[in-house]
Every structure is written in structure tokens, then in C-alpha cells.
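A quick write-up on the structure given underneath.
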Amino acid sequence: MTDREQGLAVYTHVSAEALEEFLLRYDVGELVSAKGIAEGVENSNYLIDTTKGRFILTLYEKRVEADDLPFFLAMLDHLADRGQPVPPAIKDRNGVEIQTLAGRPACLIKFLPGVSLSSPTPAQASAAGRAMADMHRALADFAPTRTNSMGVDTWRPLFEKCEHALDDIRPDFARDLNWALDEVLAFWPPEGHLPKAAIHADLFPDNVLMSGDTVTGLIDFYFACTDIRAYDLAVMHTAWAFDAAGEPLDQGVGRSLLRGYHSGHPLSDAERACLPVLCKGACVRFMLSRAWDWLNTPADALVTRKDPLAYWRRYEWYADHSKVLAELNV
0 MTDREQGLAV
10 YTHVSAEALE
20 EFLLRYDVGE
30 LVSAKGIAEG
40 VENSNYLIDT
50 TKGRFILTLY
60 EKRVEADDLP
70 FFLAMLDHLA
80 DRGQPVPPAI
90 KDRNGVEIQT
100 LAGRPACLIK
110 FLPGVSLSSP
120 TPAQASAAGR
130 AMADMHRALA
140 DFAPTRTNSM
150 GVDTWRPLFE
160 KCEHALDDIR
170 PDFARDLNWA
180 LDEVLAFWPP
190 EGHLPKAAIH
200 ADLFPDNVLM
210 SGDTVTGLID
220 FYFACTDIRA
230 YDLAVMHTAW
240 AFDAAGEPLD
250 QGVGRSLLRG
260 YHSGHPLSDA
270 ERACLPVLCK
280 GACVRFMLSR
290 AWDWLNTPAD
300 ALVTRKDPLA
310 YWRRYEWYAD
320 HSKVLAELNV
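Just so we're aligned, residue 0 is where the sequence shown starts under numbering that gives the first Met the number 0, counting upward by one.
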């Protein structure tokens, strides 16, 4: 179990004087302390303590489009209004959520307690699966939509952008990933076959805060979008049922996750039948994004590159349909 202060990396420095002036916009008290949070890859985050409480200050870097922020924040407000454990943005004295600080879009966000997990137990995975189910039920009447910026239609173009260098990661990786992509695209559910809805699309263990076996927070909604609802569960399974190297956990974590979800939002027969290809698709999606980052991140960058081959090992596991059918027997 590792401490998670609801955060990501720090790319943009903000002085104490600028923070003090920024906080004057809010009714949150005076600045006591501020600490940069050195986790993640998308934004700059600070843990802010004031005389009235604790908050997260997020400055949105180039990988988060400012035009997408209203969707993300509306989704968080919607979920918070329905009692879901999410961190909505704090409104300033004029009712504004999205600010500008240090030349970046910025939000002051509610702090949630809890830690993220590096080695979840079956009970914790079950609770996390149920939390996703509750989130999906709460989003049933959420009207805004956003195209998935890493959806199935983007995978072939992204492969073509990095195909020439994939064998630098591993010999024959371009051939193997191309084959996997062809297979997934051939069997991907056609439009209208499965329900679409607002989804998180990135609910890895480090985006779930827990206290013991209780979920205290679902965070980092910056890939949230409108897509196949069961794909959200598939992404989550690929993230929770394996270790960091992509080797399957042998303690029933993945099965407990699925059963926890099914207990709160029962899967239809069509969703159950499509889960194997949705999981393979999630593997392809993260292989591609990790490969792109692996090949294009400078050696001295603040971001720690993640191994795309860890998702190739996952893909190989999902290729054994007998294992997958046993796992999906919820």
C-alpha cells in the first residue's frame, strides 16, 4: 500500500505569493503550507493546507485540453451531488470553478482521505468494482458527452505513427502489436451493440483511494468520456488483475473485481460475451500509449516511462479463452 495524496506530477512552479493571492478568490482561509505532489504524468498538483482545511490545487498541463474541463468538472459535480466519493472543484466567491494561474487553467479541488493500493486484496478489488458500478448507476442520467480521445478509432493512427520504432522496444514488437490490433478491430462490438455512457476510462488502482476495504475516493477523471460502458470495466480489470510487470495475480483479485461490479450493476449477456475483446482492446490501447510515450519522452523528463510490454503480457493472458471464461464467470 502506498500513500496517495490525490496527485500527479509538478511541472509548473507556483510561488507562495502567487498561491496566497490565488486563494483570496475563495472562502477557504489563509495559506498555511503548500507541497508539490510528484506522482503521475498529466498535470501539476499541490497539496494545499489553509486555516480552514486541506485542498488539492491542479494546474492543467498540455495533455489536458482546457475545452474538456467543463465536461470533467460537470461529471464530478454530478457524481458528488449523488453522494459518490469523488473530488469536485471548489467554486470561488463568484461561483467560478475554472481559474487561471501561472498561465495554466487551474482548479482548487476538494481533498479526499485515503491511500491507493499497490497490491490490492480480493476484498479491496470487490469494493472497487462495486464503486465503479455505483458510479455507473449515478451517471445514468448524465447528459453531457465527450468523444474518447483514446478510443478505438485512434488506435490504428497511433500505431502507424510509432510503427517504425516499435522494434526498438522489442524485436518483432511492431509485427505482434499490429496483429493484436487487427484482431481487436475485427471483433470489436459494432455501434449500438452495447450501451454507451459516461465512463472514467482510467480507473487504475492509483486512482482509487481506500481506507481498509472501504473506497474513500475515485479520482483523476481526465480521460473521462462517452464510450462503451463495459469497456470501463475492461480497462479496470486489465489494471487490477495483474502486477506492474503484467503478470496475473493469483489470489482472485480480478474475479473479485468483476463480482463486485456485477453485484451493483449486473452485466447483460451481451456485455459478458464482449468482455474478452474489450479487455484485449484495453491492452492494445495502453500498449500504444505507453509505446508512444516510451519512444517520445526525453531521457531527462520528469515523467517516468511505463513499460508497454507489461500490457503485451496481459494481452497474451486474455488470449487464453479458457482462463478468461473462468475469470468472467460472475
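Beta carbons: idealized from backbone N, C-alpha and C, even for Gly. Keep in mind the model is a prediction, meaning the values are calculated, not measured.
Checklist entry - So does the segment 227–237 actually touch the segment 118–133, counting three or more Cβ pairs closer than 8 angstroms? => result Taking 8 angstroms as the limit for Cβ pairs, the verdict is that the segment 118–133 does touch the segment 227–237.
Checklist entry - Cα-Cα, which of 295, 312 and 311 is closest to residue 304? => result The sequence position of residue 304 within the sequence shown is 305, counting from 1. Nearest of 295, 312 and 311 to residue 304, Cα basis: 295.
Checklist entry - Is residue 266 helix, strand or coil when you go by DSSP? => result Position 267 of the sequence shown, counted from the start, is the residue given in the question as residue 266. For residue 266, the secondary structure class from DSSP, reduced to helix, strand or coil, is coil.
Item to check | Other residues of its chain near residue 89: CB distance less than 8 angstroms, five sequence neighbours each side excluded | outcome: Here residue 89 corresponds to residue number 90 of the sequence shown, with the count starting at 1. The beta carbon of residue 89 sits closer than 8 angstroms to those of 25, 27, 54, 96, 106, 107, 108 and 109, all from its chain and outside the five residues before and after it, given in chain order.
Item to check | Neighbourhood of residue 222 by C-beta distance below 6 angstroms, restricted to the same chain and skipping five residues each side | outcome: Within the sequence shown, the letter at position 223 stands for residue 222. The beta carbon of residue 222 sits closer than 6 angstroms to the beta carbons of 200 and 201 from its chain, once the five residues preceding and following it are set aside; these are given in chain order.
Checklist entry - Looking only at DSSP bridge pairs, what is residue 103 linked to? => result Here residue 103 is taken as the residue at index 104 of the sequence shown, counted from 1. Answer is 100.
Item to check | Range covered by the alpha helix (DSSP H) that runs through residue 127 | outcome: To locate residue 127, count along the sequence shown from 1; it is residue 128. Secondary structure note for residue 127: its alpha helix (DSSP H) is the uninterrupted segment 121–137.
Checklist entry - So what does residue 259 bridge to, in DSSP terms? => result The residue given as residue 259 occupies position 260 in the sequence shown. Paired residue(s): none; residue 259 is not in a bridge.
Next on the checklist: Spatial neighbours of residue 326 within its chain, please: C-beta separation below 6 angstroms, excluding the five flanking residues on both sides.
Outcome noted: Numbered from its first residue, the sequence shown carries residue 326 at position 327. Excluding its 5 nearest sequence neighbours in each direction, residue 326 has C-beta neighbours in its own chain below 6 angstroms: 253 and 254, listed in chain order.
Checklist entry - In the structure shown, what three-state DSSP assignment does residue 39 receive? => result Locating residue 39 in the sequence shown gives position 40, counting from the first residue. Bear in mind that the predicted position of residue 39 carries a pLDDT of just 49, short of 50, making it unreliable; the figure below should be weighed with that in mind. Coil, per DSSP.
Item to check | Beta-carbon proximity list for residue 313, same chain, < 6 angstroms, skipping 5 on both sides | outcome: Counting from 1 along the sequence shown, the entry for residue 313 is found at position 314. Answer for residue 313: 237, 241, 245 and 282, listed in chain order.
Next on the checklist: Under 8 angstroms: do the segment 201–210 and the segment 111–119 share three or more Cβ pairs, one atom per stretch?
Outcome noted: With three or more CB-CB distances shorter than 8 angstroms, the segment 201–210 counts as touching the segment 111–119.
Checklist entry - With distances taken from CA atoms, which of 49, 79, 23 and 20 is nearest residue 215? => result Here residue 215 refers to the residue found at position 216 of the sequence shown. The residue with the shortest Cα to Cα distance from residue 215 is 79.
Checklist entry - Going by beta carbon distance, what residues of the same chain come within less than 6 angstroms of residue 224, once the five residues before and after it are set aside? => result Along the sequence shown, one-based indexing puts residue 224 at 225. Excluding sequence neighbours, residue 224 sits near 145, 147 and 200.
Checklist entry - Is the beta carbon of residue 136 less than 8 angstroms from the beta carbon of residue 261? => result As a working mapping, residue 136 is identified with position 137 in the sequence shown. As a working mapping, residue 261 is identified with position 262 in the sequence shown. One thing to note: residue 136 has its Cβ no nearer than 8 angstroms to the Cβ of residue 261.
Checklist entry - What are the boundary residues of the alpha helix (DSSP H) that residue 144 is part of? => result Locating residue 144 in the sequence shown gives position 145, where the first residue counts as 1. Counting along the chain, no alpha helix (DSSP H) covers residue 144, and no H or E run does either.
Next on the checklist: Per DSSP, what are the beta-bridge partners of residue 224 in this structure?
Outcome noted: Sequence index remark: in the sequence shown, residue 224 carries index 225 (1-based). For residue 224, which the question treats as bridged, DSSP gives the partners 198.
Checklist entry - In this structure, does DSSP put residue 209 in helix, strand or coil? => result In the sequence shown, the residue the question calls residue 209 occupies position 210. In the structure shown, the three-state DSSP call for residue 209 is strand.
Checklist entry - For residue 177, which three-state DSSP category applies? => result Taking the first residue of the sequence shown as 1, we reach residue 177 at position 178. Reduced to three states, the DSSP call for residue 177 is helix.
Checklist entry - Out of 49, 175, 71 and 15, which has the shortest C-alpha to C-alpha gap to residue 59? => result In the sequence shown, residue 59 corresponds to position 60, counting from 1. Of 49, 175, 71 and 15, the residue nearest in Cα terms is 71.
Checklist entry - Can you round the beta-carbon distance between residue 100 and residue 13 to whole angstroms, since I take them to be within the 8 angstroms contact cut? => result Residue mapping note: residue 100 aligns to position 101 of the sequence shown, counting from 1. Residue mapping note: residue 13 aligns to position 14 of the sequence shown, counting from 1. Between residue 13 and residue 100 the Cβ distance is about 6 angstroms, and since that is below 8 angstroms, they are a contact.
Next on the checklist: The beta strand (DSSP E) that contains residue 304, what's its start and end?
Outcome noted: Position 305 of the sequence shown holds residue 304. Where residue 304 is concerned, there is no enclosing beta strand (DSSP E), given that its DSSP letter is neither H nor E.
Next on the checklist: Beta-carbon within less than 7 angstroms of residue 121's beta-carbon, same chain only, minus the 5 sequence neighbours each way: which residues are those?
Outcome noted: Position 122 of the sequence shown, counting from 1, holds the residue named residue 121. So the qualifying residues of the chain are 250, 251, 252 and 255.
Next on the checklist: I'd like the span of the alpha helix (DSSP H) that includes residue 155, first residue to last.
Outcome noted: To locate residue 155, count along the sequence shown from 1; it is residue 156. Residues 154–161.
Checklist entry - In angstroms, rounded to a whole number, what distance separates the CA positions of residue 291 and residue 275? => result Sequence index remark: in the sequence shown, residue 291 carries index 292 (1-based). Sequence index remark: in the sequence shown, residue 275 carries index 276 (1-based). If I take the Cα positions, the gap works out to 24 angstroms.
Next on the checklist: I'd like the list of long-range same chain contacts for residue 77, defined as Cβ closer than 6 angstroms, with 5 residues on each side in sequence excluded.
Outcome noted: Taking the sequence shown and counting its residues from 1, one reaches residue 77 at position 78. Around residue 77: 141.
Item to check | Assigned secondary structure, residue 314 (DSSP; H/G/I helix, E/B strand, else coil) | outcome: Within the sequence shown, the letter at position 315 stands for residue 314. DSSP, reduced to helix, strand and coil, places residue 314 within a helical segment of the structure shown.
Next on the checklist: Taking the alpha-carbon of residue 324 as reference, which of 83, 228, 278 and 306 has the nearest alpha-carbon?
Outcome noted: Within the sequence shown, residue 324 is the residue found at index 325, counting from 1. Among 83, 228, 278 and 306, the Cα nearest to that of residue 324 belongs to 278.
Next on the checklist: Using 8 angstroms as the threshold, is the C-beta distance between residue 316 and residue 286 below it?
Outcome noted: Residue numbering aside, residue 316 sits at position 317 when the sequence shown is read from its first letter. Residue numbering aside, residue 286 sits at position 287 when the sequence shown is read from its first letter. Residue 316 is not a Cβ neighbour of residue 286, given a cutoff of 8 angstroms.
Checklist entry - So what does DSSP say about residue 237, is it helix, strand or coil? => result Here residue 237 is taken as the residue at index 238 of the sequence shown, counted from 1. Residue 237: helix per DSSP, three-state reduction.
Next on the checklist: Please identify the residue among 41, 156 and 152 whose C-alpha is closest to the C-alpha of residue 103.
Outcome noted: Position 104 of the sequence shown, counted from the start, is the residue given in the question as residue 103. Nearest of 41, 156 and 152 to residue 103, Cα basis: 41.
Next on the checklist: For a test of the three-state rule: what should DSSP assign to residue 80, helix, strand or coil?
Outcome noted: Counted from its first residue, the sequence shown places residue 80 at position 81. Under the three-state reduction of DSSP output, residue 80 falls in the helix class.
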